[in-house]
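In terms of my numbering, the sequence shown has 335 at position 187, counting the first letter as 1, and numbering is strictly consecutive.
Please read the structure below before turning to the comments.
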Amino acid sequence: MYESDKEAERYAPFMIVLTCVLLCLLVSKGNALLPGYSVDDYLLTYADADPGMYLSQGRYTEVALQWLTRQLGLRWSDIYFPNIVLLLLAYGALISLAVLAVRPARTSLAIPCIGGAIIACHPFFSALLAFREAALNSLCCIVLLVVFLHAWLHLTHNQPLRQCWSTHLLAALALAGALGCYQPALGIALCITLPIVMQRAFSMAQRPLREIGRQWRLGIPMLLAVAFYILLNRFLTWHPDVVVDPRSQIVGWAELPQRLRQFAELLYQLLLGGTALESALLIKAQGLLLLLGLISIGWRTPLKATAFLILYLFLVVLSVAPLALSSIWWPALRAAIASGFALGMLATMTLACAGRLTRPLAAGWLFVCWGLALHSSALLLDQARLNRWDISQAQLLVQDIRRQFPDLTRPRISLVPGQWRYPATLQSAMHDHGESAFATPWAIQGLLREATGQELEWVYPEEADKERCTHSPHWPGEGSLLRKEDVIHVCL
C-alpha cells in the first residue's frame, strides 16, 4: 500500500465524523450566517470596546484580537460572516477529535457520529453564536482548544516528563490562550479530557480506578494553564484604572446560601425541568436514554455504569460551576456550553458499551439531535424576529420625533423604557438573550444609528425623568415626547 493510501486510511474516520458534524452544525446553526444583532452588537457596530472592560473580565486574548482588527481598519460586526464560517469548521474539528478519542477500539463509526451530532446540535452554543461581534474571539478560543486537545492526545501517563515537556507546555499555553478568550474553555477542556481518561482506564486495565489515578500527569497542562491565566490576569489588572468586572469576582460568604439555592434550581432545569433553550420533554428524553444505557452496562459491569453516572453528574456541575462562583448571579446559558460536550461524550461512551440496546438507543439519540437542532434554529430565528421589531420601533420613533420637532436637525434623545416590553413574546427569551435593545440603555444609541443611519446622541435619563414617566402617557401616545432645549425625552 502506498504511503498516501495509508495517510488517507488514517484520516478517513476523522473526515467521516467531521462531515456528519458539519452537516449538523449547518442544519442547527445555519441561521447564524445571516445578519443579526445582540445588544452588544448594537453597541460595538461603530465603536470598539474599552480594552479595560475586557481585561476586567479576564479576557486578555480578546484585547489582542481587538487591537489586531483595529490595525486592519475593521470592526468585528463587519467581518462576522467569514469568522462564523471558520468558527463552525473549527468547532466541528474540535467535536470530531473529542468523540473519536473517546470511542473504544473496534466500534462502529456511527457511534461517534451520533455523539458528535449531539454536541453540534446543542443550543447553548447557538446562544454564543447570537453575538456576532464575538465571532472572532470565539473562533480564536475554539482554534486554541483544538491545538490543546491535539497536543494533549499525544501525551501518555507513563511517559517521563523530560521527554514530553514541550507537549505539556504547548497544551498549557493553548488552553491559557483560550481562557483569555472565554473562561468556559476550561470546562470544555475538562468535559472532553475526563471522559477520555475514564474510557481508556476501563478499556485497557483490569483495575480501572487505579488506572485513573495513575494518569494524574495528564492533568498537568490544565493546572499549568490555570496558573498562567491567574498570574497573567493579575499582572494585567494591577493598574488602578482597570475596574474589575463583578462577574469575574468570587461570591461572598454572606451570599453563599442564596447562591446555592439558585445553583440547585439551575441544575434542576438542566437535568429535569427544562430551560428556555431546551424543553422539559427533550431533557427528560436525554436522561432516559443515558439511564437505559447505564442500566445495560450495569448488568455486566456495575462499576463502569456507576463511574459513568458519577462522571456525567460531575461534568454537568462543572459546566455551570463558574456561574455559581461569580459574585453576581448571571445565569447566561451560553456560558454552560461545556454541558453539551458532557452529554455528547457520555452518550458516545454508553452507546459503545450498550450491547443489544445500541440500535434502539441510537434511534432515541437521533430524535434528541433533531429536537436540539430545532431549538438551536428557533433561538437564532427569534433573534432575527426581535431585531425586526427593534429596528421598526426605532424607525417609527425617530420619524415621530422629526414630525413633532422639525426644527431640530440633530436631536439628542433620552428614553425611559420602564417596564415596557413587546406584547408578543419569544419562546427563547431568557436572561441576557431575547431582550429588546430598548431595555438596555447603553445599546439604544447603536440601535437608533443602525435603524436610521443617523448619529443621534443618547442622553441617560435622570431620576426626575423616570418619575415623570410613571405618570405621563407612553409612546406613541400624545404627550409621550417632551422637549427640553435640544433633548427629546421619551416615555416608552
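By construction, the Cβ of each residue, glycine as well, lies at the ideal position given by its N, Cα and C atoms.
Since this is a predicted model, take the numbers as computed values, not measurements.
Buried or exposed by the 16-neighbour rule on C-beta atoms within 10 Å, applied to residue i
i, result
"residue 398", "exposed"
"residue 406", "exposed"
"residue 202", "buried"
"residue 149", "Any reading at residue 149 needs caution, since the residue's pLDDT is 49, under 50, leaving its predicted position unreliable; the model's value is listed next. With fewer than 16 other Cβ atoms within 10 Å, it is exposed."
"residue 458", "exposed"
"residue 306", "exposed"
"residue 302", "exposed"
"residue 602", "exposed"
"residue 452", "buried"
"residue 476", "exposed"
"residue 592", "buried"
"residue 159", "exposed"
"residue 239", "buried"
"residue 232", "buried"
"residue 386", "exposed"
"residue 363", "buried"
"residue 514", "exposed"
"residue 611", "exposed"
Span separating the alpha-carbon of residue i from that of residue j
i, j, result
"residue 639", "residue 620", "7 Å"
"residue 504", "residue 358", "29 Å"
"residue 175", "residue 595", "29 Å"
"residue 541", "residue 632", "23 Å"
"residue 518", "residue 164", "20 Å"
"residue 605", "residue 421", "44 Å"
"residue 436", "residue 624", "51 Å"
"residue 297", "residue 501", "24 Å"
"residue 426", "residue 411", "18 Å"
"residue 512", "residue 184", "33 Å"
"residue 572", "residue 209", "39 Å"
"residue 230", "residue 314", "33 Å"
"residue 322", "residue 444", "38 Å"
"residue 341", "residue 465", "16 Å"
"residue 289", "residue 257", "28 Å"
"residue 536", "residue 550", "21 Å"
"residue 181", "residue 330", "21 Å"
"residue 292", "residue 326", "6 Å"
"residue 548", "residue 197", "31 Å"
"residue 356", "residue 448", "15 Å"
"residue 190", "residue 622", "24 Å"
Neighbourhood of residue i by C-beta, 6 Å cutoff - its chain only, sequence neighbours within 5 removed
i, result
"residue 516", "433 and 434"
"residue 167", "none"
"residue 644", "The chain is shown only over 149 to 640; residue 644 falls outside these bounds and no answer can be derived."
"residue 295", "322"
"residue 609", "562 and 564"
Residue span of the beta strand (DSSP E) that contains residue i, given as start and end
i, result
"residue 501", "Residue 501 -> no beta strand (DSSP E), and no H or E assigned at all."
"residue 629", "629-632"
"residue 636", "635-639"
Reference residue i; option with closest CA among the options
i, options, result
"residue 523", "421, 269 and 437", "269"
"residue 590", "356, 564, 573 and 335", "564"
"residue 267", "484, 583 and 626", "484"
"residue 312", "299, 324, 321 and 381", "299"
"residue 247", "161, 323, 234 and 217", "161"
"residue 218", "321, 448, 192 and 294", "192"
"residue 261", "510, 535, 577 and 570", "510"
"residue 555", "507, 630 and 634", "634"
"residue 275", "215, 221, 255 and 187", "187"
"residue 520", "317, 431 and 332", "431"
"residue 599", "447, 614, 544 and 375", "544"
"residue 482", "468, 206 and 526", "468"
"residue 577", "615, 553 and 529", "529"
Boundaries (first-last residue) of the alpha helix (DSSP H) holding residue i
i, result
"residue 562", "Here residue 562 belongs to no alpha helix (DSSP H); instead the beta strand (DSSP E) covers 560-564."
"residue 468", "450-473"
"residue 286", "283-300"
"residue 209", "208-219"
"residue 590", "589-600"
"residue 316", "309-329"
"residue 409", "404-416"
"residue 362", "356-362"
"residue 239", "228-250"
"residue 575", "First-last for residue 575: undefined, no H or E at that position."
Residues near residue i in its chain [Cβ-Cβ closer than 7 Å; skip 5 each side]
i, result
"residue 211", "199, 202 and 203"
"residue 250", "343, 344, 347, 493, 496 and 497"
"residue 265", "168, 169, 172 and 517"
"residue 213", "284, 285 and 288"
Short CB-CB distance (under 8 Å) between residue i and chain C
i, result
"residue 356", "Judged by its chain identifiers, the structure shown contains no chain C, having just a single protein chain."
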